[in-house]
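Number of protein chains: 2
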Amino acid sequence: MPSTKPRPLAPLYEQIRQLIVAALAAGEWRPGDALPSEAALAERFGASPGTVRRALDELTAEHLVERRQGSGTFVSTHAAPRQQFRFLRLVADDAAGSFTRELLGCRRMRATAEVARALGLRTAEPVIEVRRLLHRRDRPVVLDELWLPERHFEGLTADVIRNHPGALYALFEARFGVHMVRAEEKLRALAAAPEAARLLQVPEGEPLLSVERLAYTYGDRPVELRRGLYHTSADHYRNELN
Amino acid sequence: MPSTKPRPLAPLYEQIRQLIVAALAAGEWRPGDALPSEAALAERFGASPGTVRRALDELTAEHLVERRQGSGTFVSTHAAPRQQFRFLRLVADDAAGSFTRELLGCRRMRATAEVARALGLRTAEPVIEVRRLLHRRDRPVVLDELWLPERHFEGLTADVIRNHPGALYALFEARFGVHMVRAEEKLRALAAAPEAARLLQVPEGEPLLSVERLAYTYGDRPVELRRGLYHTSADHYRNELN
DNA sequence: CAGTGGTCTAGACCACCAT
DNA sequence: TGGTGGTCTAGACCACTGC
Numbered sequence: 001m002p003s004t005k006p007r008p009l010a011p012l013y014e015q016i017r018q019l020i021v022a023a024l025a026a027g028e029w030r031p032g033d034a035l036p037s038e039a040a041l042a043e044r045f046g047a048s049p050g051t052v053r054r055a056l057d058e059l060t061a062e063h064l065v066e067r068r069q070g071s072g073t074f075v076s077t078h079a080a081p082r083q084q085f086r087f088l089r090l091v092a093d094d095a096a097g098s099f100t101r102e103l104l105g106c107r108r109m110r111a112t113a114e115v116a117r118a119l120g121l122r123t124a125e126p127v128i129e130v131r132r133l134l135h136r137r138d139r140p141v142v143l144d145e146l147w148l149p150e151r152h153f154e155g156l157t158a159d160v161i162r163n164h165p166g167a168l169y170a171l172f173e174a175r176f177g178v179h180m181v182r183a184e185e186k187l188r189a190l191a192a193a194p195e196a197a198r199l200l201q202v203p204e205g206e207p208l209l210s211v212e213r214l215a216y217t218y219g220d221r222p223v224e225l226r227r228g229l230y231h232t233s234a235d236h237y238r239n240e241l242n
Numbered sequence: 001m002p003s004t005k006p007r008p009l010a011p012l013y014e015q016i017r018q019l020i021v022a023a024l025a026a027g028e029w030r031p032g033d034a035l036p037s038e039a040a041l042a043e044r045f046g047a048s049p050g051t052v053r054r055a056l057d058e059l060t061a062e063h064l065v066e067r068r069q070g071s072g073t074f075v076s077t078h079a080a081p082r083q084q085f086r087f088l089r090l091v092a093d094d095a096a097g098s099f100t101r102e103l104l105g106c107r108r109m110r111a112t113a114e115v116a117r118a119l120g121l122r123t124a125e126p127v128i129e130v131r132r133l134l135h136r137r138d139r140p141v142v143l144d145e146l147w148l149p150e151r152h153f154e155g156l157t158a159d160v161i162r163n164h165p166g167a168l169y170a171l172f173e174a175r176f177g178v179h180m181v182r183a184e185e186k187l188r189a190l191a192a193a194p195e196a197a198r199l200l201q202v203p204e205g206e207p208l209l210s211v212e213r214l215a216y217t218y219g220d221r222p223v224e225l226r227r228g229l230y231h232t233s234a235d236h237y238r239n240e241l242n
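Protein sequences appear in the order of chains A and B.
Just so you know, we're using UniProt numbering here: the first sequence kicks off at 1 and counts up by one.
Just so you know, we're using UniProt numbering here: the second sequence kicks off at 1 and counts up by one.
Okay, structure coming up:
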């Protein structure tokens with residue numbers, strides 16, 4: 001008789017972590033909401049409080065939830081001030097000033113082969129393209145283009161963006177229930193093409209930092225492709241290695 | 001009588017973590033060595049095994065130690081294959097091939113104001129400057145310049161570097177007892193100056209990715225300033241945001 | 001097989017927050 | 001003051017490593 005495969009189960013805390021992520025993806029708790037207490041979750045999952053705590057610690061490290069002593073455990077939200085620029089690593093050399101946004105355009109289009117491949121769509125599936133500029137002290141610093149699968153962002157228009165006071169990711173989460181969890185970026189140096197040069201008010205050929213980002217929501221599903229051009233004469237991209 | 005300040009003590013696991021870091025900085029265990037077992041450390045610090053485990057978990061997350069089930073807890077070393085390129089985020093677009101090193105120079109000099117400030121030295125204190133090229137498939141891709149305080153790297157010469165087969169950080173750790181723990185990088189796009197263009201075999205003015213790195217050893221002491229110029233026509237700098 | 005880290009449990013006590 | 005998360009302890013059992 002062939003021995004049945006022992007099927008190495010994931011540890012209990014990991015299973016619980018995945019169940020909580022699934023509940024977040026299903027919208028059982030929305031960004032900003034409080035999760036049940038450790039004791040309540042322990043009961044729900046039939047585990048000891050220590051095991052649930054371990055799962056919540058992992059989720060805290062991934063920034064999916066945040067814990068406040070005496071208060072509770074809450075679903076992370078990009079609306080929180082500390083999360084405002086969590087994914088924007090560009091900082092001024094003198095660490096002064098913040099960004100203002102200028103919307104250049106928002107239109108419906110069909111996915112190019114490249115966009116489709118990155119987002120896991122079929123070619124020519126409808127996507128929404130957004131273009132904008134970020135300024136610091138009235139100087140343009142970042143030219144952003146981004147593409148979103150229309151099926152997750154139905155109804156996203158220029159007006160919707162203009163009427164929202166906060167960051168784009170806060171809008172996505174509040175209006176479309178899409179919370180960005182993590183992202184991968186590819187950086188390189190490029191010479192400014194004519195249009196980028198005009199918008200960023202630099203000479204053609206000026207070296208620019210190109211930042212291509214793929215952003216993921218709950219369950220590691222890619223939902224945004226973004227291409228940024230950063231003018232880095234008085235700003236730099238800050239990174240920590242460990 | 002004025003109330004004495006309650007002096008909020010750090011949690012026990014954090015104190016233990018700091019004591020272990022101090023022992024690492026003092027060289028009590030060298031990179032690659034095994035630490036005492038959890039039980040032995042618990043006895044040494046007068047804490048329960050669970051508390052010691054928590055301290056070790058934090059150190060594992062910082063890559064100061066690595067744990068191997070059934071075997072023990074070991075001091076991280078840059079000699080390990082997995083650590084070889086831990087701080088080099090440049091990867092080929094087609095993810096193929098590795099780097100070869102070419103040493104351009106190694107000389108003793110006096111710290112410029114900028115180098116002194118970054119490394120926390122007095123101006124004109126002696127430092128060692130190293131310059132090198134990294135090639136992939138016989139094409140130059142990275143031009144690196146780095147500066148090290150001489151008092152931590154006495155005896156570092158071109159021959160010492162040439163005679164060491166592994167990565168620079170592995171050499172630093174094996175020969176000078178300086179293990180790099182973490183680093184901060186500032187990235188920007190620059191036009192290639194004449195000398196950089198010649199060495200990287202690109203036209204003058206070619207956009208290059210400039211990467212300025214400050215690397216820290218145990219106890220967050222900066223011990224290396226590095227300036228890299230990356231030619232990113234077929235490579236990119238990869239980053240993860242979370 | 002002895003020793004190590006990995007998982008899971010159970011419970012005590014504390015610090016903090018809201019009411 | 002009651003409920004929350006944060007710390008610390010104690011111990012059982014398992015999985016893996018190396019002799």
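Even for Gly, the Cβ is constructed at its ideal location relative to N, Cα and C.
Taking its Cβ as the centre, do 16 or more other Cβ atoms sit within 10 Å of residue i, making it buried, or is it exposed?
i	result
N163 of chain A	exposed
N242 of chain B	exposed
D144 of chain B	buried
L103 of chain B	exposed
A113 of chain B	exposed
A192 of chain A	buried
residue 252 of chain B	The structure shown does not extend to residue 252 of chain B, since chain B is modelled only from 1 through 242, so no value can be given for it.
R151 of chain A	exposed
L24 of chain B	buried
S48 of chain B	exposed
L9 of chain A	exposed
R122 of chain B	exposed
M109 of chain B	exposed
P2 of chain A	The predicted model places P2 of chain A with a pLDDT of 39, which falls under 50 and marks its position as unreliable; any figure quoted below should be read in that light. It is exposed - the Cβ of P2 of chain A has fewer than 16 other Cβ atoms within 10 Å.
A158 of chain A	exposed
E14 of chain B	exposed
L229 of chain B	buried
D235 of chain B	buried
A196 of chain A	buried
I want to see whether chain B comes within less than 9 Å of residue i, judged by CB atoms only; does it?
i	result
T217 of chain A	no
F85 of chain A	no
P207 of chain A	yes
R89 of chain A	yes
In the DSSP assignment, the alpha helix (DSSP H) including residue i goes from what residue to what residue?
i	result
R82 of chain B	No alpha helix (DSSP H) holds R82 of chain B; DSSP gives it neither H nor E.
L41 of chain B	E38 to F45
G50 of chain B	P49 to A61
A189 of chain A	Segment M180 to A191 is the beta strand (DSSP E) holding A189 of chain A; no alpha helix (DSSP H) there.
E240 of chain B	Element bounds for E240 of chain B: not the alpha helix (DSSP H) but the beta strand (DSSP E), D235 to L241.
L35 of chain B	Counting along the chain, L35 of chain B falls outside any alpha helix (DSSP H), and DSSP gives it neither H nor E.
L168 of chain A	L168 to F176
Strictly under 9 Å for the Cβ-Cβ distance: is residue i near chain A by that measure?
i	result
G32 of chain B	no
G97 of chain B	no
L199 of chain B	no
N163 of chain B	no
R213 of chain B	yes
P6 of chain B	Note that P6 of chain B scores a pLDDT of 42, beneath 50, so its modelled location is shaky; the value from the coordinates is reported in the next line. Taking Cβ atoms only, chain A never reaches closer than 9 Å to P6 of chain B, which makes this a no.
L241 of chain B	yes
What are the start and end residues of the beta strand (DSSP E) that includes residue i?
i	result
E14 of chain A	Per DSSP, E14 of chain A belongs to no beta strand (DSSP E); it is in the alpha helix (DSSP H), L12 to A25.
E66 of chain B	V65 to R68
L90 of chain A	L90 to A92
residue 253 of chain A	Only positions 1 to 242 of chain A appear in the structure, and residue 253 of chain A is not among them; the question remains open.
Chain A contacts made by the stretch 167-193 of chain B, where a contact means CB separation under 7 Å: Among the residues of the stretch 167-193 of chain B, those with a Cβ less than 7 Å away from any Cβ of chain A are R182, A183, E184, E185, K186, L187, R188, A189, L190 and A191, in the order of the chain.
For the stretch 194-228 of chain A, list the beta strand (DSSP E) runs that are entirely contained and at least 3 residues long, ordered along the chain. 207-217
At 4 residues or longer, and completely inside the stretch 94-159 of chain B: list those alpha helix (DSSP H) runs for me, N to C. 113-119
At a CB distance below 7 Å, what residues from the stretch 223-239 of chain B approach chain A? Give them in sequence order. T232, H236, Y237, R238 and N239
Listed in chain order, which residues of the UniProt domain "HTH gntR-type" (10-78) of chain B have Cβ atoms closer than 7 Å to some Cβ of chain A? E62 and H63
For the stretch 138-149 of chain B, which residues have a beta carbon sitting closer than 8 Å to at least one beta carbon of chain A? none
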